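First residue of the sequence shown: 1, per the UniProt record's numbering; consecutive thereafter.
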Amino acid sequence: MTSLTSRLIQSRTSLFKSYTIAASRNGRYLSTDSNKIDEPFKVEEAETVNVPPPLTEKLLVLGGNGFVGSHICKEAVDRGLTVASLSRSGRPSIHDSWVNNVIWHQGSLLSSDSWMEALNGVTSVISCVGGFGSQSYMYKINGTANINAIGAASEKGVKRFVYISAADFGLVNYLLQGYYEGKKAAETELLTKFAYGGVILRPGFIHGTRNVGSVKLPLGVIGSPLEMVLQHAKPLKQLPLVGPLFTPPVSATAVAKVAVRAATDPVFPPGIVDVYGILRYSQQRAT
């Protein structure tokens, strides 16, 4: 029995020595306390990698000194973006503080020589360009001008393009044929050139504070109550002939929030966003 016990002790001693020698060859010495290590592991320093800083988002707002465009510029400035605007008249006459943080360009989308440099360094575009007049003029300003902008932005490698179009108002479409045909032509061009980064917003009546010279018109006095009522009356839109007249108004602030998000959020889904989509997205917290 004594001989057997002696052999077991010698065997365990030999095993412990072998384990100690193997550990010492790896540069590590263990104490009898399993929670202690006499010499810590040596960790090689990671190689420093120079990573370039992320590209700054630069947003170009076409028609940025207009009613909707000015709200979009303000929203983009408030979100810390680099913002530029292009319009026929350039810098607006309003004196709000955000105006000083926008790069103002003057030019016409119907004359490429007057505005192409405004696209330099631009990563996304929002177009609010549109207007009323004769049928031919409305097609030109709502259609041709925007088609020119979409083509130029695509050639410059702009990532995302948001177009402020208009809701379908049924009979009104026929009376303003040039206006709506121009809008539809621009929409078709956008979905072709920006299949994965093109967003079309189709608001109806847009309300909010509108600057006319030095006077501020509070369009929200009428628009806000209508929006509250009609946004819950969606079934009325299905009525024949008069249905489109029940399209709820949206505020210029809501349109601006959704437009800027659509222009800068790479996961914002491309395609068409109707009035109800604008209302829904505008109520979500900005990312």
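Cβ atoms here follow ideal geometry from the backbone N, Cα and C, with glycine treated the same way. The structure displayed is predicted, hence computed values, not measured ones.
Check: Going by DSSP, which residues form a beta bridge with residue 163?; Outcome: 127 and 200
Check: With a threshold of 6 Å on Cβ separation, who are the neighbours of residue 141 within its own chain once the five nearest residues in sequence on each side are excluded?; Outcome: 131
Check: Residue 58 lies in the beta strand (DSSP E); which residues open and close that run?; Outcome: 58-62
Check: Is DSSP giving residue 250 helix, strand or coil here?; Outcome: strand
Check: Answer yes if the segment 170-190 comes into contact with the segment 249-263, meaning at least three C-beta pairs across the two stretches below 8 Å, and no otherwise.; Outcome: no
Check: Tell me where the alpha helix (DSSP H) around residue 69 begins and ends.; Outcome: 67-78
Check: In the DSSP assignment, find the unbroken alpha helix (DSSP H) run with residue 185 in it and report its ends.; Outcome: 177-193
Check: Pairing CB atoms from the segment 259-270 with CB atoms from the segment 156-169, are three or more of them under 8 Å?; Outcome: yes
Check: Compute the Euclidean distance between the alpha carbons of residue 273 and residue 190, then round it to the nearest angstrom.; Outcome: 14 Å
Check: With respect to the alpha helix (DSSP H) encompassing residue 135, which residues constitute its N-terminal and C-terminal limits?; Outcome: 135-139
Check: For residue 206, which three-state DSSP category applies?; Outcome: strand
Check: Given a threshold of 16 other Cβ atoms within 10 Å of its Cβ, counted over all protein chains shown, does residue 139 qualify as buried or as exposed?; Outcome: buried
Check: Per DSSP, what are the beta-bridge partners of residue 277 in this structure?; Outcome: Beta-bridge pairing links residue 277 to no other residue.
Check: Determine, using beta carbons only, whether residue 186 and residue 148 come nearer to each other than 7 Å.; Outcome: no
Check: Please name the residue, chosen from 84, 65 and 201, that lies closest to residue 59 on a Cα-to-Cα basis.; Outcome: 84
Check: In whole angstroms, what separates the C-alpha of residue 282 from that of residue 56?; Outcome: 24 Å
Check: Express the C-alpha separation of residue 115 and residue 200 in angstroms, rounding to a whole number.; Outcome: 23 Å
Check: Helix or strand or just coil, what does DSSP make of residue 115?; Outcome: coil
Check: Are residue 68 and residue 167 closer than 7 Å when you measure CB to CB?; Outcome: no
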